[in-house]
Amino acid sequence: MTIPNLITIGRLFLVPLVIVMIVGANWRAAFVLFVVAGLSDALDGFLARRCGMGSELGAWLDPVADKALIVSIYVTLAVVGAIPAWLVVLVVARDLMIVAAVILSWLLDKPLTIAPIAVSKLNTAAQIGFAALALGSRAFGVEPGLAATVCEFLVALLTLASMTAYLALWLRHMAD
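The numbering of the sequence shown is the working numbering, which starts it at 394 and goes up by one.
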């Protein structure tokens with residue numbers, strides 16, 4: 394068990410706390426916990442890469458914690474009407490497609506390792522930024538206006554681009 398793994402597990406424990414804060418309309422606490430989760434993600438990644446503390450467990454845990462946080466927050470924000478449901482469906486559908494492709498590849502004896510690609514990293518950054526905007530605007534009583542619309546469009550565009558890129562990679566892999 395490495396320090397980055399412990400930090401990642403801590404991030405997993407933050408997920409239900411953030412959800413409870415959102416559902417209870419405790420926006421400042423939700424925003425602060427979300428920022429702490431984001432900083433913990435940066436810290437565990439830094440320690441794993443720069444300090445040689447990476448592990449196989451961490452390679453699995455980190456993306457699980459990231460997806461648990463993003464998907465949970467997006468679903469909860471949609472439930473309380475803070476972000477559009479259609480966007481959440483798109484974000485969740487992309488993640489489900491990736492998981493289904495990995496499982497299907499494994500079942501067909503053509504295991505596939507999914508590594509983050511550039512558009513996927515941009516997509517994750519946009520998703521995190523939009524969630525921070527949704528939480529922060531409510532936490533501090535600021536109307537996001539056009540920024541929310543731009544971020545919403547950007548998340549949708551990057552999610553579709555990422556979905557398309559992973560689908561193309563998977564199809565090439567399965568054709569080999």
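Every residue, glycine too, gets a C-beta built ideally from N, C-alpha and C.
- Here the C-alpha atom of L528 lies approximately 7 Å from the C-alpha atom of A423.
- Non-local beta-carbon contacts of L470 in its own chain, meaning distances under 6 Å to residues more than five positions away in sequence, involve I476, A527 in chain order.
- Secondary structure within the region 398-481: the alpha helix (DSSP H) runs of 4 or more consecutive residues, fully enclosed, are 420-443, 449-472 (chain order).
- Per the coordinates, the alpha-carbon of S555 lies some 16 Å from the alpha-carbon of V464.
- Beta-carbon to beta-carbon, I396 and L440 are separated by about 6 Å, close enough to satisfy the 8 Å threshold.
- Listed in chain order, the non-local C-beta contacts of D455 below 6 Å within the same chain comprise T401, local neighbours out to five positions each way being set aside.
- For the pair V408 and A561, the Cα-to-Cα distance works out to about 32 Å.
- In this model, Y559 and L432 are separated by some 27 Å (Cα to Cα).
- Shown here, M394 sits in coil according to DSSP, grouped into three states, outside any helix or strand.
- Cβ contact annotation for A532 (same chain, cutoff 6 Å, sequence separation greater than five): W420, R421, F424, in chain order.
- Following the DSSP letters along the chain, one finds I521 inside the alpha helix (DSSP H) bounded by residues 511-532.
- In the structure shown, E545 falls within a helical segment according to DSSP collapsed to helix, strand and coil.
- With a threshold of 16 other beta carbon atoms within 10 Å, T517 meets it and is buried.
- Ranked by how close their Cα comes to the Cα of E545, the residues L489, A511, W479 have W479 in first place.
- Cβ neighbours of G403 within its own chain (closer than 8 Å, five residues either side excluded): S433.
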